[in-house]
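Count along the sequence shown from 1, add 188, and you get the number used in the numbering used here.
Using N, Cα and C, we set each Cβ at its ideal position, and we do this for glycine too.
All values derive from a computational prediction rather than experimental measurement.
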Amino acid sequence: MPNSRPFVVALSLCVILASLLVWGCDNATQKSQPPLAANKKITICQYGDLLIYLPLYIAADRGFFADEGLDVNFINGGGDDKTFAAISSGSAQFGVSDPTFTAIAREKGRPGVVVATVVGGATYWGVTWDEKIKPTSSAEGLKDLRIATYEAPSTNYSLMAKTLKQNKDVIGDAKIVQGAYGTLLAMLKANQADVAMELEPVASTAVKEGAHIVYSYPEMYGPFLLTGLYTMEDYRDKNPDTVQAVVNALEKAMRFAHTDTEGAIKVAEKKFPEVSPEVIRTAVTRMIKDKTLPENVTLNMEGWKNTVDVRIELGDLTSIEAANAVLDPTFAEKAVSEQKKDK
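(1) Take threonine 316 and list the residues in its own chain whose beta-carbon comes closer than 8 angstroms to its own, dropping the five residues that flank it on each side.
(2) What is the C-beta distance between leucine 267 and tyrosine 241, in whole angstroms, given that I count them as a contact (C-beta under 8 angstroms)?
(3) Tell me where the alpha helix (DSSP H) around alanine 510 begins and ends.
(4) Can you tell me the Cα-Cα spacing of isoleucine 437 and isoleucine 275, whole angstroms?
(5) Output needed for valine 524: all residues of its chain with C-beta closer than 8 angstroms, excluding positions within five of it in sequence on either side, in chain order.
(6) How should threonine 419 be labelled, buried or exposed, when 16 other C-beta atoms within 10 angstroms of its C-beta is the threshold for buried?
(7) Tell me the DSSP secondary structure of proline 411 in three-state form.
(8) State buried or exposed for glutamate 388, treating a residue as buried only when at least 16 other CB atoms are found within 10 Å of its CB.
(9) Given glycine 360, which residues of its chain have a CB within under 8 angstroms of its CB, disregarding the five upstream and five downstream residues?
(10) Buried or exposed for valine 431, going by 16 or more other Cβ atoms inside 10 Å?
(11) In whole angstroms, give me the CA-to-CA distance for phenylalanine 460 and methionine 442.
(12) Closest by CA to aspartate 516, which one among Arg424, Thr311, Val260 and Asp249?
(13) Going residue by residue through the segment 221-273, where are the continuous beta strand (DSSP E) segments of at least 3 residues, counting only ones entirely within it?
(14) Hey, how far is the Cα of glycine 257 from the Cα of valine 284?
(15) Can you give me the Cβ contacts of tyrosine 345 inside the same chain, cut-off strictly under 7 angstroms, excluding the 5 residues immediately before and after it?
(16) Can you tell me whether serine 342 is buried or exposed, with buried defined as 16 or more other CB within 10 angstroms of its CB?
(17) Could you pull the DSSP bridge partners for tryptophan 492 from this structure?
(18) So, using beta-carbon positions, are asparagine 261 and threonine 231 closer together than 8 angstroms?
(19) So, for aspartate 249: in the same chain, excluding its five sequence neighbours on each side, which residues have a beta-carbon less than 7 angstroms away from its beta-carbon?
(20) Quick one: Cα of lysine 228 to Cα of proline 243, how far?
(21) Taking the alpha carbon of tryptophan 313 as the point to measure from, which residue in Asp478, Leu417 and Asp286 has its own alpha carbon closest?
(22) Please classify glutamine 354 as buried or exposed, where buried requires at least 16 neighbouring CB atoms within 10 angstroms.
(23) Report buried or exposed for glycine 297, applying the criterion of at least 16 other Cβ atoms within 10 angstroms of its Cβ.
(24) Between which two residues does the beta strand (DSSP E) holding glycine 297 run?
(25) Just mark glycine 370 as buried or exposed, buried being the case when its beta carbon has 16 or more other beta carbons within 10 Å.
(26) With a CB to CB cut of under 8 angstroms and the five nearest residues on each side skipped, what residues in its chain are close to serine 324?
(27) Excluding the 5 residues preceding and the 5 following cysteine 213 in the sequence, name in chain order all residues of the same chain whose CB lies nearer than 8 angstroms to its CB.
(28) Is the separation between the beta-carbon of proline 465 and that of threonine 305 shorter than 8 angstroms?
(29) From this set, Arg334, Arg469, Pro299 and Leu372, which residue's C-alpha is nearest lysine 396's C-alpha?
(30) How close, in whole Å, do the beta carbons of alanine 291 and valine 496 come, if the pair is a contact with beta carbons under 8 angstroms?
(31) Buried or exposed for asparagine 379, going by 16 or more other Cβ atoms inside 10 Å?
(32) Residues in the same chain with beta-carbon distance under 6 angstroms from serine 392, minus the five sequence neighbours each way, listed in chain order, please.
(33) Could you check whether the Cβ of glutamate 295 sits closer than 8 angstroms to any Cβ belonging to chain D?
(34) Between which two residues does the beta strand (DSSP E) containing alanine 336 stretch?
(35) For the alpha helix (DSSP H) containing tyrosine 345, name the first residue and the last one.
(36) What do you get for aspartate 259, buried or exposed, if any count of 16 or more other CB atoms within 10 angstroms of its CB means buried?
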């Protein structure tokens, strides 16, 4: 057998040279591409885990926040004023709750800015188990009723306070009975109230248990900027790219909800496993039908005026002109424009 050693050595050298060549090419390629930026960590303080905030949960579940380079942590404020206080103190970078509290805070020297819509309608529906109480589209149908709302200064309370104040000639002895979030249906069952103004999915849960809807804020008030995304003015000025990224993710989420309702329902079922799928389906469908889950993040000026008018009526704000100072529509407009280009 001939000596094969020279051949083996030559082959080994070829393999080594080839390996070095491949490594060099790969290394050069890696050096020519910038490393992926780590996701920027931000905290969003929401009023609480609420189905009406579904765009937030879609953006998280479907990876829209991650696509925008964000690592989002959610915390709960437990109130509109408390949620604003969280971003004012720096505990969170963004707030999700009643945007008029941003205007109220600005009048007190704490400059926040509202950059996007999260909920575009007054998402409260009046439910009752009393068959004698019939559905109504006017305040007169609330005559002499005890109406349960969340505690003042909640939007739920403020809307009903305005309704009763403006219609005092036809409502008889109608009055508000205040209760904490999560207690209103129990108040109905204990005969402490006749009608409860409830969010979804609580309203649909009551209907599943035999109640019926008798009054609808979305029907009565139309466009209504119930919930906005806001931040502090200083944070916006120093972090415009981050603000834009959050708004972009929400815009993608809203488009997803309206183009893939089944997908949105699945996200809601995952987020609220304690609620029956039947109730989730009814609730999400109602939110889309009544346009409380908006089609985009744009700051609807009619909806903003309707929201601010409630606070002016109650003396919480001085004027619409003063309230307008908190609006910054540029991020929402850019997000909507970019998504239209991508269609």
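The structure says:
(1) Sequence index remark: in the sequence shown, residue 316 carries index 128 (1-based). Only Leu376, Asp382, Val383, Ala384, Ala399, His400 and Val402 meet the Cβ criterion.
(2) The count along the sequence shown starts at 1 and reaches residue 267 at position 79. The count along the sequence shown starts at 1 and reaches residue 241 at position 53. Note that residue 267 corresponds to glycine in the displayed sequence, not to leucine. Glycine 267 to tyrosine 241, Cβ: 15 angstroms. No contact.
(3) On the sequence shown, position 322 is the one that residue 510 refers to. First-last of the alpha helix (DSSP H) with alanine 510: 508-512.
(4) Reading the sequence shown from its first residue, position 249 is the one you call residue 437. Reading the sequence shown from its first residue, position 87 is the one you call residue 275. Just to set this straight, residue 437 is alanine in the shown sequence, not isoleucine. Approximately 20 angstroms, taken between the alpha carbons.
(5) In the sequence shown, residue 524 corresponds to position 336, counting from 1. So the qualifying residues of the chain are Glu439, Asn484, Val485 and Thr486.
(6) Along the sequence shown, read from residue 1 onward, the residue named residue 419 stands at position 231. The residue is buried, with at least 16 neighbouring Cβ atoms inside 10 Å.
(7) Along the sequence shown, read from residue 1 onward, the residue named residue 411 stands at position 223. The answer is strand: DSSP assigns proline 411 an E or B state.
(8) Here the question's residue 388 lines up with position 200 in the sequence shown. Per the 10 Å Cβ criterion, buried.
(9) Residue mapping note: residue 360 aligns to position 172 of the sequence shown, counting from 1. Closer than 8 angstroms at the Cβ level, and outside the excluded window around glycine 360, lie Lys331 and Asp332.
(10) Your numbering for residue 431 matches position 243 in the sequence shown. Buried.
(11) In the sequence shown, counting from the first residue as 1, residue 460 sits at position 272. In the sequence shown, counting from the first residue as 1, residue 442 sits at position 254. Those two C-alpha atoms are separated by around 19 angstroms.
(12) Within the sequence shown, the letter at position 328 stands for residue 516. Nearest option by C-alpha distance: Arg424.
(13) 228-234 and 258-264
(14) Locating residue 257 in the sequence shown gives position 69, counting from the first residue. Locating residue 284 in the sequence shown gives position 96, counting from the first residue. Roughly 20 angstroms separates the two Cα atoms.
(15) Here residue 345 is taken as the residue at index 157 of the sequence shown, counted from 1. Cβ neighbours of tyrosine 345 beyond the five flanking positions: Thr337, Tyr338, Glu339, Ile364 and Gln366.
(16) If you number the sequence shown from 1, residue 342 lands on position 154. With 16 or more other Cβ atoms within 10 Å, it is buried.
(17) The residue given as residue 492 occupies position 304 in the sequence shown. According to DSSP, which records beta bridges pairwise, tryptophan 492 is partnered with nothing at all.
(18) Here residue 261 refers to the residue found at position 73 when the sequence shown is read from its first residue. Here residue 231 refers to the residue found at position 43 when the sequence shown is read from its first residue. Taking 8 angstroms as the Cβ cut-off, asparagine 261 and threonine 231 qualify as a contacting pair.
(19) Locating residue 249 in the sequence shown gives position 61, counting from the first residue. Contacts found: Val455 and Lys458.
(20) Numbered from its first residue, the sequence shown carries residue 228 at position 40. Numbered from its first residue, the sequence shown carries residue 243 at position 55. Going by the C-alpha atoms only, they are around 20 angstroms apart.
(21) The residue given as residue 313 occupies position 125 in the sequence shown. Checking every option, the nearest Cα to that of tryptophan 313 belongs to Asp478.
(22) Your numbering for residue 354 matches position 166 in the sequence shown. By the neighbour-count rule (16 or more Cβ atoms within 10 Å), glutamine 354 is not buried but exposed.
(23) The sequence position of residue 297 within the sequence shown is 109, counting from 1. Label assigned to glycine 297: exposed.
(24) For this step, residue 297 is matched to residue 109 along the sequence shown. Note, glycine 297: premise wrong, no beta strand (DSSP E); not H, not E.
(25) Translated into positions along the sequence shown, residue 370 becomes position 182. By the 10 Å Cβ count, glycine 370 comes out exposed.
(26) Along the sequence shown, read from residue 1 onward, the residue named residue 324 stands at position 136. Sequence inspection shows threonine at residue 324; the serine mentioned does not correspond to that position. Contacts found: Leu330, Val402 and Tyr403.
(27) In the sequence shown, the residue the question calls residue 213 occupies position 25. Annotation note: pLDDT 37 at cysteine 213 (below 50); position unreliable, no value reported.
(28) Numbered from 1 along the sequence shown, position 277 holds the residue referred to as residue 465. Numbered from 1 along the sequence shown, position 117 holds the residue referred to as residue 305. No.
(29) Within the sequence shown, numbered from 1, the residue matching residue 396 stands at position 208. When each option's Cα is compared against that of lysine 396, the closest is Arg469.
(30) Here residue 291 refers to the residue found at position 103 of the sequence shown. Here residue 496 refers to the residue found at position 308 of the sequence shown. Right, the Cβ-Cβ distance comes to about 7 angstroms (below 8 angstroms), so this counts as a contact.
(31) The residue you call residue 379 lines up with position 191 of the sequence shown. The residue in question, asparagine 379, is exposed, as its Cβ has fewer than 16 Cβ neighbours within 10 Å.
(32) Translated into positions along the sequence shown, residue 392 becomes position 204. The answer, listed in chain order, is Val467, Thr470 and Ala471.
(33) You won't find chain D in this structure, because it holds only one protein chain.
(34) Position 148 of the sequence shown, counted from the first residue, corresponds to residue 336. From DSSP, the beta strand (DSSP E) with alanine 336 extends over 334-338.
(35) In the sequence shown, counting from the first residue as 1, residue 345 sits at position 157. Its alpha helix (DSSP H) spans residues 343-354.
(36) As a first step, residue 259 must be located in the sequence shown, where it is residue number 71. Its Cβ having fewer than 16 others within 10 Å, aspartate 259 is exposed.
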